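These notes are about the structure you will find just below.
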Amino acid sequence: MITAAEPVPVEERVMGVGTTVRFALLMVLVIAASGALMSVVLEGLSGAGSRVCELAGGADPDAGILQIKLALMDQFAQVEECGRRFSPGLPWWSAAAWPVAVLVGAVVVFLALPAWRLRSRRVVPLDVADRSGAILRVVEAASATAGLRRAPKVVVEPLARSAAAVAFGSNRRPVVCLSGGLVVCATTRPEYFRAVLLHELAHIRHGDITLTYATVALWRVFVGLVLLPYTVWMAVSLFDGTVWSSDTAFMVRGVLLAALLVPLVHLAKLDVLRSREVHADVAATRWGAERSAWAEEPAGRPRRLVAAFPELWRTHPRVDLRRAALADSGALFGVRALPVFLTGVAAILVNAQLESYVVPFLPRDSAVLGWLKQLLPLIPAGLAVGAVGFALWRAVEHAARTSRPAPSGALTGLWLGFGLAFGELFLHRTAVTEWMPAHPEALLLVVAAGVVVAWWIEQCARLWTASRRGPASRLVMVAALGAAWLAMASWLVWWRGDGVLLASGWPYGTTEIQSAFTAGLGQGASGYGPLLWAFSTVFPVLAGISEPVLLLTAVGALWLVPLAAWASRQPDGTPRWLQSSLDGTGAVLVGSTGVPPLRQVLLPGLLGGALACVMIVGWQAYLHTWLPVPSGTGALFVLTYLAGIFLALVAGTAVAAVASTRVRAFRLVVALIAAETAAVVGFAGALVLTSVDGCVPPLRTVEPTCGVHSTVTELAFTLVLTPLVVSAALIAIAVAALAGLSKRAPALPLPLNPRELPTRRRAVAVLCVAAVVVAGTGVVQASRDSGNSGVANVFARAADRPITPRTRAIQVFSWLRSGGEDLNRRVLGTTSQLTAALRGIEAGTENVLALQPICMDLEQIARSAQRHFRIPEARAQQHWAAFIDLALRDGGVCSAKSERLLPQLLGAVAQAVEAAKVMSAVVDARHEQGGR
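In numbering that gives the first Met the number 0, the protein residues as written are 0 to 931.
Right under this line is the structure:
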């Protein structure tokens with residue numbers, strides 16, 4: 000602990016500031032939004048965003064998004080082909096054109112800002128206002144005190160009466176502008192003049208100028224080149240009479256998104272600027288500036304409440320807040336709600352904008368597309384964790400080193416989660432054509448994700464702060480934030496898939512999945528309804544959590560990084576990084592809180608893994624009584640075997656997590672270590688038991704002979720590993736959260752015994768190797784091609800929704816326009832040829848061989864019709880399907896025997912002509928009613 004008579008003024012930049020990452024997040028958001036938002040405008044102007052292909056496929060734009068997805072679920076190939084022909088999209092170079100234009104414009108504005116400021120302020124050189132050179136000497140001396148290689152250029156704004164200064168330009172060519180009133184203070188109030196000057200020089204020393212004015216330039220160009228045209232386009236489109244009713248919510252949300260970006264970027268930028276102002280104040284006082292320069296009395300409680308909202312819109316903090324930061328370094332290391340909330344909003348927007356900007360320019364079946372969807376979330380996740388995690392880590396370290404209460408990671412995560420959920424409401428992913436998601440309660444998962452990530456960072460920071468101090472802790476912080484980064488990125492991948500489905504409407508139907516299981520496992524499995532129902536209920540969830548490729552690596556890092564704390568040596572005394580800040584304050588760092596003994600942390604996991612192995616042995620003995628299995632149920636038997644192994648392993652991890660609550664310190668990381676240790680130990684035991692199946696007769700399950708077998712073990716790696724590891728982590732989080740509700744105070748751990756360090760390191764090394772092997776195997780398994788052309792078979796069909804005659808007519812018209820009309824023309828041409836040939840045969844001028852080229856043409860038309868959309872009209876589709884069937888039956892109409900050739904040919908043509916008549920009647924009826 001630290002003993003001191005007053006708050007300890009720890010050097011403000013000893014643990015970094017963290018504002019650069021927040022600036023980077025804003026810049027990435029602006030650049031990504033530039034491409035995504037302007038793509039909407041350019042697609043609208045070029046007609047690339049037309050809904051002809053959706054309508055041709057039978058989708059009803061007035062229905063919910065789930066119905067649209069399901070209508071097109073098994074026609075993705077037709078939608079893509081239609082899009083390439085009818086709505087080709089934007090050229091590839093347009094993906095980079097607008098962001099590049101924004102960046103170039105920002106560079107131009109950035110370079111022009113200094114000249115504009117100098118001209119608009121009507122400044123004069125310093126030597127004009129300071130003919131004696133006294134101010135120049137003060138500037139040179141202050142620059143040397145601030146550690147600058149040379150004094151910056153100084154100019155004077157003689158007409159400004161305020162006693163202020165501003166630094167602008169760039170880090171390489173800074174300019175300090177002194178107001179006329181401040182120049183007068185150089186003589187009347189020299190200490191105040193020096194304090195203001197040192198404050199501006201601190202901005203130069205900290206490298207604030209380029210980053211600040213680059214952000215200002217980028218934001219101004221973004222508003223002019225992107226936000227204004229996008230908002231105008233969306234507003235004009237909203238009042239266009241051609242939009243569908245479902246488009247209204249989509250377009251209004253687009254306008255609201257643009258409206259959200261303005262205060263989001265502006266508030267975040269101002270908050271960072273205020274933070275840097277405070278750090279410049281502290282640096283100036285450290286260099287000898289008198290605190291009397293901030294001598295105004297702080298505001299009272301009523302004034303604070305009244306000024307709270309206006310404070311958000313100021314570039315400089317209030318004087319009372321600046322004085323508080325000078326008196327107590329705790330104000331510099333606190334984690335505030337607004338920046339965390341804004342970071343969450345920005346992160347979810349960046350994630351969505353990057354995907355909507357990049358993905359449309361890649362083919363759907365491209366291998367690069369699959370990897371991009373996995374890797375793109377690393378960018379927003381890294382920026383969010385870098386901003387929030389760094390601030391939280393340094394706050395925990397500062398609290399531990401100065402004997403203050405540590406900030407709450409759960410509360411910080413709550414604000415982060417609120418920001419993520421709030422930003423999601425402005426995106427089109429969960430609601431699309433609706434005003435709100437069908438299941439807004441699913442957004443609680445978004446909030447929970449933020450809570451868990453921040454809570455883990457806080458616990459990991461406290462653990463490592465208690466176990467090790469010094470310069471090496473910087474590497475530890477990078478490793479910990481890297482683990483949180485992978486976890487956040489993996490969660491974003493999952494949310495983009497199954498999470499969005501949960502919020503917009505879960506499309507998986509148990510009946511359809513059960514039918515798919517029956518088809519895959521064989522009809523012999525159809526008699527085991529309860530088993531199939533259980534599999535069809537759980538399978539979509541487990542398949543979803545196995546989607547993120549980096550998930551196993553992320554979970555492994557979440558428990559290995561804190562576990563490594565037990566392998567570190569605990570030094571005594573004050574760390575070197577803090578000693579310089581404590582010198583002269585009278586404060587002394589003594590002792591350490593310590594960490595729990597490693598055996599208390601690992602023992603629940605080892606016991607849980609052993610218990611899982613015992614349960615697997617019991618499961619094998621039970622399944623042995625099923626032998627021999629009925630014919631046709633072998634696949635179902637193996638799947639049941641694996642399911643039992645999975646449940647036994649999950650039960651072992653749950654027991655380990657519950658048992659770990661006996662350690663009341665660092666509950667989350669201890670529960671994670673215990674549960675994942677049980678998963679690794681139990682899974683290793685399961686691999687041994689399944690690979691030697693057949694060697695112990697009472698336990699023989701799948702293999703008939705003794706030996707080393709790999710069939711079930713390979714399936715375990717594929718089907719069990721990732722769901723097990725993720726389930727163990729989720730159980731540990733839930734158990735730790737419930738245990739945290741207990742009002743019992745955590746026991747203070749004793750310092751670890753240094754003699755046990757080699758043993759602890761060996762134990763940690765063994766678990767690390769096992770976890771790396773597990774994670775590496777899982778990544779290889781997850782990176783396999785996950786495409787499945789039959790995925791539509793497991794989706795529940797939406798309830799039949801009446802479609803208006805207007806919509807039906809537009810659907811049929813779109814079908815004709817997207818290629819159906821060409822098919823009809825080809826059928827009519829073939830019909831004319833057939834009629835002429837029949838007349839020739841009747842007149843004796845032709846024989847049956849004249850029908851051969853006609854039937855070949857008809858087969859080609861039928862094959863083209865197979866690749867086109869189904870007709871979005873039931874009666875017409877019946878005739879059209881009959882035409883395709885007759886034309887291609889038994890190898891094709893040309894392969895029919897001579898006595899069947901003509902009837903089959905005439906029947907196919909008749910069905911195609913009838914389909915055309917039905918479609919024509921639907922469209923004509925709408926025209927007669929005055930519809931468009």
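Glycine included, each C-beta is placed from N, C-alpha and C at the ideal position. Remember, it's a predicted structure, so these values are computed and weren't measured experimentally.
Query: If you count every other CB in all the chains shown that lies within 10 Å of the CB of E156, and 16 or more means buried, which is it?; Result: buried
Query: What separation, rounded to the nearest whole angstrom, lies between the Cα atoms of P113 and W232?; Result: 34 Å
Query: Please go through the same chain and pick out, in chain order, the residues whose beta-carbon is closer than 7 Å to the beta-carbon of A150, but skip the five residues on each side of it.; Result: V138, E139 and S142
Query: I need the boundaries of the alpha helix (DSSP H) containing E139, first residue and last residue.; Result: A133 to T144
Query: Counting pairs of Cβ atoms below 8 Å between the segment 540 to 549 and the segment 714 to 728, do you hit three or more?; Result: yes
Query: Grouping DSSP H, G and I as helix and E and B as strand, with all else coil, what is E156?; Result: strand
Query: In the DSSP assignment, find the unbroken alpha helix (DSSP H) run with V450 in it and report its ends.; Result: L442 to S466
Query: Alpha carbon to alpha carbon, how far is C767 from V27?; Result: 35 Å
Query: Pick helix, strand or coil for L110, following the three-state DSSP scheme.; Result: helix
Query: Do L833 and V908 have their C-beta atoms within less than 8 Å of each other?; Result: yes
Query: My assumption, with CB atoms under 8 Å, is that G416 sits in contact with A386. Please give the rounded CB distance.; Result: No, G416 and A386 are not in contact; Cβ-Cβ is about 15 Å, not under 8 Å.
Query: Taking the alpha-carbon positions, what's the S466 to A553 distance?; Result: 23 Å
Query: Is it buried or exposed, K268, if we count other Cβ atoms within 10 angstroms and call 16 or more buried?; Result: buried
Query: Taking only the alpha-carbon atoms, compute the straight-line gap between L36 and A248 and give it to the nearest angstrom.; Result: 17 Å
Query: One question on the structure: do L827 and M918 come within less than 8 Å of each other, judged by their Cβ atoms?; Result: no
Query: What is the C-beta distance between V921 and E872, in whole angstroms, given that I count them as a contact (C-beta under 8 Å)?; Result: 6 Å
Query: Looking only at its own chain, which residues have a Cβ that is under 7 Å from the Cβ of R838, when we skip the five neighbours before and after it?; Result: none
Query: Identify every residue that forms a DSSP beta bridge with V175.; Result: V153 and A166
Query: Rank R130, A128 and A213 by C-alpha distance to the C-alpha of N170 and give the top, closest one.; Result: A213
Query: Tell me, which residues are paired with P124 by DSSP?; Result: V154
Query: Considering A542, what are the terminal residues of the alpha helix (DSSP H) in which it resides?; Result: G528 to I544
Query: Output needed for W879: all residues of its chain with C-beta closer than 6 Å, excluding positions within five of it in sequence on either side, in chain order.; Result: I870 and A914
Query: Tell whether a beta-carbon distance below 8 Å holds between A163 and S178.; Result: yes
Query: For R118, is the classification buried or exposed, using 16 other Cβ atoms within 10 angstroms of its Cβ as the cut-off for buried?; Result: exposed
Query: Kindly indicate which three-state DSSP category A437 falls into: helix, strand or coil?; Result: coil
Query: What does a CB cutoff of less than 7 Å around F109 pick up in its chain, not counting 5 residues either side in sequence?; Result: Y212, A213 and A216
Query: Count the other CB atoms within 10 Å of the CB of Y621; is the residue buried (16 or more) or exposed (fewer)?; Result: exposed
Query: Would you call the segment 646 to 666 and the segment 376 to 396 touching, i.e. three or more CB-CB distances under 8 Å?; Result: no
Query: Determine the burial state of Q74: buried for a count of at least 16 other Cβ atoms within 10 Å of its Cβ, exposed for fewer.; Result: buried
Query: With C932 as the anchor, note down where its alpha helix (DSSP H) starts and where it stops.; Result: One cannot answer for residue 932 here, as it falls past the ends of the chain, which runs 0 to 931.
Query: Which same chain residues end up closer than 7 Å to A738 when comparing Cβ atoms and leaving out the 5 residues on each side of it in sequence?; Result: T660 and R666
Query: DSSP three-state call for V725: helix, strand or coil?; Result: helix
Query: Confirm, please, whether the CB-CB distance from V594 to A564 is below 8 Å.; Result: yes
Query: So S503 is in the alpha helix (DSSP H); what residue range does that whole segment cover?; Result: V499 to S503
Query: Spatial neighbours of F686 within its chain, please: C-beta separation below 6 Å, excluding the five flanking residues on both sides.; Result: What sits at residue 686 in the sequence shown is Leu, not Phe. Closer than 6 Å at the Cβ level, and outside the excluded window around L686, lie T712.
Query: Between which residues of its own chain and P561 is the CB-CB distance below 7 Å, once the five residues before and five after are set aside?; Result: C459, L462, V668 and I672
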